[in-house]
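Trainee: Going by our numbering, the first residue of the sequence shown is number 263, and it counts up by one from there.
All C-beta atoms in this analysis are idealised placements derived from N, C-alpha and C, irrespective of residue type, glycine included.
To start, I am sharing the structure in question, which I have written as structure tokens.
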Amino acid sequence: MRGGSALRNGLFLFFFVLASTFAALAQVNHGRSDSSPKTNESRAADRRAIEQVLRNQQEAWNRANVEKFLEGYWHSPELTFSGSGGVQRGWDAVLARYKRNYPNREAMGQLDFSDLEFRFLGSAAALVLGRWHLSRPPNNDVGGVFSLVLQKFPEGWRIIHDHTSAVAPAR
263 MRGGSALRNG LFLFFFVLAS TFAALAQVNH GRSDSSPKTN ESRAADRRAI EQVLRNQQEA
323 WNRANVEKFL EGYWHSPELT FSGSGGVQRG WDAVLARYKR NYPNREAMGQ LDFSDLEFRF
383 LGSAAALVLG RWHLSRPPNN DVGGVFSLVL QKFPEGWRII HDHTSAVAPA R
């Protein structure tokens, strides 16, 4: 019977360690939940920083400064932009696309971003959905939707992927 007692003690020890491990993991995960005050403060600060990137872009666009507008993007050959013209890869290609499609102030119009939705994908990544609208006289307005993937770098939040689509106005 001595072997049976050792087996019971071994199983008890195994389950005790297993239960302790799950309890420790639950405690760690609870500390990382979105409901913790530190996370909420951190998320609010990240949201404000991302909103500032988009405000800076909007202001640069409305001054017809495409290069300044592109400062919100990751300056990398790995940057991607998806739109009706296909996929552009790299910061230089995205800059060339914007310059080709918006060659002057009239074509650029006045940009407005709205209906922003944020989903954080970790401590250094976020998905932002929203709407864009270009006011261009006379009656040449265009607009649509976008989804941005942003990453937090030492220099701040930058767009690493942009998918922008034009949407016909509702009639």
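Apart from the five residues on each side of it in sequence, which residues of its chain come closer than 8 Å, Cβ to Cβ, to F331?
Mentor: Position 69 of the sequence shown holds residue 331. Here the set comprises Q319, A322, W323, Y360.
Trainee: State the CB to CB distance for the pair W394 and G405, rounded to an integer number of angstroms; the pair is presumed to be in contact (CB under 8 Å).
Mentor: Position 132 of the sequence shown, counted from the start, is the residue given in the question as residue 394. Position 143 of the sequence shown, counted from the start, is the residue given in the question as residue 405. About 6 Å; that satisfies the 8 Å criterion.
Trainee: Return yes when the Cβ of E379 is within less than 8 Å of the Cβ of L391, no when it is not.
Mentor: Along the sequence shown, one-based indexing puts residue 391 at 129. Along the sequence shown, one-based indexing puts residue 379 at 117. In this structure, E379 lies closer than 8 Å to L391 by Cβ.
Trainee: Inspect the CB distances between the stretch 366 to 374 and the stretch 301 to 317 and report whether three or more fall short of 8 Å.
Mentor: Counting Cβ pairs under 8 Å, fewer than three are found: no touch.
Trainee: With L357 as the anchor, note down where its alpha helix (DSSP H) starts and where it stops.
Mentor: Translated into the one-based positions of the sequence shown, residue 357 becomes position 95. Unbroken alpha helix (DSSP H) run through L357: 353 to 363.
Trainee: Alpha carbon to alpha carbon, how far is H428 from S346?
Mentor: Counted from its first residue, the sequence shown places residue 428 at position 166. Counted from its first residue, the sequence shown places residue 346 at position 84. Going by the sequence as given, residue 428 is Ala instead of His. Rounded to whole angstroms, A428 to S346 spans 8 Å at the Cα level.
Trainee: I'd like to check one pair, V328 with L373: are the Cβ atoms closer than 8 Å?
Mentor: For this step, residue 373 is matched to residue 111 along the sequence shown. For this step, residue 328 is matched to residue 66 along the sequence shown. Going by C-beta atoms, L373 is not nearer than 8 Å to V328.
Trainee: With burial defined as no fewer than 16 other Cβ atoms inside 10 Å of the residue's Cβ, what is the status of G348: buried or exposed?
Mentor: Counting from 1 along the sequence shown, the entry for residue 348 is found at position 86. Its Cβ having fewer than 16 others within 10 Å, G348 is exposed.
Trainee: Would you say I422 and L316 are within 8 Å of each other, going by their C-beta atoms?
Mentor: If you number the sequence shown from 1, residue 422 lands on position 160. If you number the sequence shown from 1, residue 316 lands on position 54. Not closer than 8 Å, so no.
Trainee: Looking only at C-alpha atoms, which of D424, P431, A430 sits nearest to G334?
Mentor: As a first step, residue 334 is located in the sequence shown; it is residue number 72 there, counting from the start. The shortest C-alpha separation from G334 is found at D424.
Trainee: Closer than 6 Å by C-beta to Q350: which residues in its own chain qualify, once you throw out the five before and the five after it? Chain order, please.
Mentor: Numbered from its first residue, the sequence shown carries residue 350 at position 88. Only F343, V356, R359 meet the Cβ criterion.
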